[in-house]
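Using my numbering, the first residue of the sequence shown is number 47, and each one after it goes up by one.
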Amino acid sequence: MTDYTITRITTPNGHLLAELDTFESLSYTRVVNAVTTLDMVIGGHALPWSYLRPDNRIEVWYSTDGINFYLDTDTTWIIRYPRKRISGRGARSYDVQAYCATTLIDGPIVAYAADSEYADKYGPLDDMMKHIIRENLGSLTTDSTREIANLIIEADQGNAPTDRKAFAWRNVLNTLQEIAQTSEQQGTPLFFDVVYEDKSFVFRTYTERRGLDHRWPGGVSPVQIGPEFGNLVDIEIGIDARNERNAVYCGGRGEEDSRNIVTLVDSDAVNSSTYARREQFVDARMYKPGVDITPEARAALEAGRRRTTFRGKLLDTENSRYGLHWRWGDELTATVDDDVIDCRADAVSVQIQNGRRTVETWLKGNVR
Numbered sequence: 047m048t049d050y051t052i053t054r055i056t057t058p059n060g061h062l063l064a065e066l067d068t069f070e071s072l073s074y075t076r077v078v079n080a081v082t083t084l085d086m087v088i089g090g091h092a093l094p095w096s097y098l099r100p101d102n103r104i105e106v107w108y109s110t111d112g113i114n115f116y117l118d119t120d121t122t123w124i125i126r127y128p129r130k131r132i133s134g135r136g137a138r139s140y141d142v143q144a145y146c147a148t149t150l151i152d153g154p155i156v157a158y159a160a161d162s163e164y165a166d167k168y169g170p171l172d173d174m175m176k177h178i179i180r181e182n183l184g185s186l187t188t189d190s191t192r193e194i195a196n197l198i199i200e201a202d203q204g205n206a207p208t209d210r211k212a213f214a215w216r217n218v219l220n221t222l223q224e225i226a227q228t229s230e231q232q233g234t235p236l237f238f239d240v241v242y243e244d245k246s247f248v249f250r251t252y253t254e255r256r257g258l259d260h261r262w263p264g265g266v267s268p269v270q271i272g273p274e275f276g277n278l279v280d281i282e283i284g285i286d287a288r289n290e291r292n293a294v295y296c297g298g299r300g301e302e303d304s305r306n307i308v309t310l311v312d313s314d315a316v317n318s319s320t321y322a323r324r325e326q327f328v329d330a331r332m333y334k335p336g337v338d339i340t341p342e343a344r345a346a347l348e349a350g351r352r353r354t355t356f357r358g359k360l361l362d363t364e365n366s367r368y369g370l371h372w373r374w375g376d377e378l379t380a381t382v383d384d385d386v387i388d389c390r391a392d393a394v395s396v397q398i399q400n401g402r403r404t405v406e407t408w409l410k411g412n413v414r
C-alpha cells in the first residue's frame, strides 16, 4: 500500500500560499504534553523564499489511499527558523524548522500574584488547565493584549481528579505539565494539546489517552500487537520497586502535636513481605488552614506504587499501519508471552526521505 503526503505552506492566518507533494526530506515528532519540532528541506525553486518567513505555517496532510487525507497529528507547524542554502555550484535549497502549535502555550506565564484566584486554584485538574489558558491566553485575561487570536478553549468536563495547585508567575506550559503529572500520580492519565481546526486553534484536554482506544478486545477496531504478529521489537518488561513508598504521612498546617497529619497505607503492598513497608513524609504546609490534604497524600501513595512496566518499539507493518490502524496518542494492547499490556503511543516520529516514509513509535505501559 502506498503512502501519500502533502505539505501546505500558509500565512499566520491560514491563507494557503503553496502546496507541495515533493520535497527533499521531511521529519517531525509529536510527544504528548510537549512542544516538538518539524524539519523540512525543500528545493530552492519549489516556492518563493518569502513564503517561509517566521510565523508562517506548515501543515502535513497524510493519506494511505491518496484520496482521504487527514491533518497528521492534528497540528499546524509554526515556522521558527528558515534557512536558505546556496552551494558552491549554485544549487539552492531551503531548510525549515517549525514548532507544533503547542508552542503557543510555552510563551505566556501565569501573570498573577500568589494567593489570587488566578494563581491558586482548587478543582478538577483538567478544568484547572482550561482556566489557566482562558485567564492567560484567552478571553478572560485581565490584559487584553495577551489574548491569542483564533484560540478556542473547549468547555469544562471535570474528568480528572480534584486537587489544589498554586502557580503564580510560572510558565504556562510547565504548569500544565506538572498538573498532568499530578493527575497521573492519582491514577488518571491527563493530556492537553493545541489542535488546529478550520483555521482556529483549539485547546483540549484528554483523560486516559490522547487518542482512541484500540485495546484488545473491547476497543474500537482493536489491533493485535506482539512478537508473534511481527510488529513489536526491542521489548523490555520490568518490575520497578526502586522508589516504592506504601505508607504516607502527609503534614499540613500546625505545630507539633497540633499539626494536621493524614496517614494513608497500601495494606496489600505492606503485607506482601516481612520487609515491604516503606514510608514517606509529604510536606503540605503550602495549603491554607482547613483545606483537606488527603488528595496530596493519595497522590504520593499512587506515585510510590510498585509497577510492572513495559517498553517496546511498534513497527509500521501491514497489520498495524500508522494512519490506518492507529495514530499518535492511541492506546493499544500488546501480548508478550503470558503478559497482556495496555500501552499508549505517546510519541511518534515520522521521516520521509527520497519518497520513503518511516514511522518510529515507542510504546509505554503497565502490565495488567
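In this text, a Cβ means the ideal position worked out from N, Cα and C, and glycines have one as well.
Using the beta-carbon count (16 or more within 10 Å), is residue i buried or exposed?
i              : result
tryptophan 372 : buried
isoleucine 132 : exposed
threonine 379  : buried
asparagine 277 : buried
alanine 346    : buried
histidine 61   : exposed
alanine 315    : buried
valine 279     : exposed
histidine 260  : buried
arginine 291   : buried
alanine 201    : exposed
tryptophan 95  : exposed
glutamate 377  : buried
tryptophan 123 : buried
lysine 245     : exposed
aspartate 329  : exposed
arginine 255   : buried
glutamate 224  : exposed
arginine 99    : exposed
aspartate 189  : exposed
Where residue i and residue j are concerned, what is the direct C-alpha to C-alpha distance, given to the nearest angstrom?
i                 : j                 : result
glycine 169       : leucine 222       : 14 Å
methionine 86     : threonine 110     : 21 Å
glutamate 163     : phenylalanine 213 : 11 Å
threonine 57      : cysteine 296      : 52 Å
threonine 340     : isoleucine 113    : 53 Å
glycine 284       : arginine 305      : 39 Å
methionine 174    : lysine 167        : 7 Å
phenylalanine 327 : glutamate 302     : 15 Å
arginine 138      : alanine 92        : 10 Å
lysine 176        : phenylalanine 249 : 8 Å
glycine 300       : proline 263       : 51 Å
methionine 337    : arginine 210      : For the record, residue 337 in the displayed sequence is valine; it is not methionine. Their Cα atoms are separated by approximately 9 Å.
alanine 226       : valine 81         : 15 Å
asparagine 317    : alanine 287       : 15 Å
arginine 180      : alanine 322       : 46 Å
arginine 390      : arginine 344      : 24 Å
alanine 147       : threonine 381     : 35 Å
aspartate 41      : glycine 350       : In the structure as shown, the chain starts at 47 and stops at 414, and residue 41 therefore has no counterpart that could be examined.
proline 367       : threonine 191     : Here the sequence assigns arginine to residue 367, which means proline is not the residue at that position. One C-alpha to the other measures close to 44 Å.
serine 319        : arginine 352      : 13 Å
lysine 130        : asparagine 400    : 20 Å
glycine 134       : proline 128       : 20 Å
Between the options, which lies nearest to residue i when the distance is taken from Cα to Cα?
i              : options                           : result
proline 207    : Glu342, Gly265, Glu70 and Asn412  : Glu342
arginine 103   : Tyr145, Arg250, Val294 and Ser71  : Tyr145
isoleucine 178 : Asp111, Asn317, Pro154 and Pro58  : Pro154
serine 71      : Val413, Gly184, Arg414 and Gln397 : Gln397
alanine 165    : Val81, Thr187, Thr149 and Gly298  : Thr187
isoleucine 194 : Ser96, Thr320, Ser185 and Thr56   : Ser185
tyrosine 50    : Arg352, Thr68 and Asn205          : Thr68
glutamate 65   : Asn59, Tyr97, Thr83 and Gln203    : Tyr97
aspartate 384  : Gln399, Arg414 and Leu361         : Arg414
glycine 272    : Phe237, Asp189, Arg357 and Asn317 : Arg357
isoleucine 52  : Ile387, Phe115 and Thr83          : Phe115
isoleucine 307 : Arg323, Ser319, Tyr321 and Arg331 : Arg331
leucine 197    : Glu243, Val156 and Val405         : Glu243
valine 386     : Glu325, Ser313, Asn412 and Ser267 : Asn412
alanine 160    : Lys334, Tyr127, Thr82 and Val382  : Lys334
serine 267     : Asn365, Val81 and Val382          : Asn365
asparagine 182 : Tyr158, Val405, Lys359 and Gly204 : Tyr158
aspartate 118  : Arg402, Gln399 and Ser395         : Ser395
Assuming the contact rule is C-beta atoms closer than 8 Å, residue i and residue j should be a hit. Round their C-beta distance to whole Å, please.
i             : j                 : result
valine 241    : aspartate 120     : 4 Å
glycine 265   : glutamate 348     : Wrong, their Cβ atoms sit about 24 Å apart, outside the cutoff.
aspartate 392 : valine 78         : 5 Å
glycine 375   : glycine 257       : 3 Å
valine 269    : alanine 293       : At roughly 40 Å, the Cβ-Cβ gap does not stay under 8 Å, so valine 269 and alanine 293 are not in contact.
tyrosine 252  : phenylalanine 237 : 4 Å
threonine 228 : leucine 171       : 6 Å
tyrosine 74   : glycine 369       : At roughly 14 Å, the Cβ-Cβ gap does not stay under 8 Å, so tyrosine 74 and glycine 369 are not in contact.
arginine 216  : valine 156        : 5 Å
My parser needs the alpha helix (DSSP H) runs of 4 or more residues fully inside the segment 51-101; what are they?
none
Going residue by residue through the segment 370-401, where are the continuous beta strand (DSSP E) segments of at least 3 residues, counting only ones entirely within it?
377-382 and 385-399
Can you check the segment 290-374 for any alpha helix (DSSP H) of at least 4 residues that lies completely inside it and give the ranges in chain order?
313-316 and 340-349
What residue ranges within the segment 123-163 form continuous beta strand (DSSP E) runs of no fewer than 3 residues, ordered along the chain?
123-132 and 138-145
Segments of 3+ residues assigned as beta strand (DSSP E) that fall wholly inside the segment 188-269
197-199, 208-212, 236-243 and 246-253
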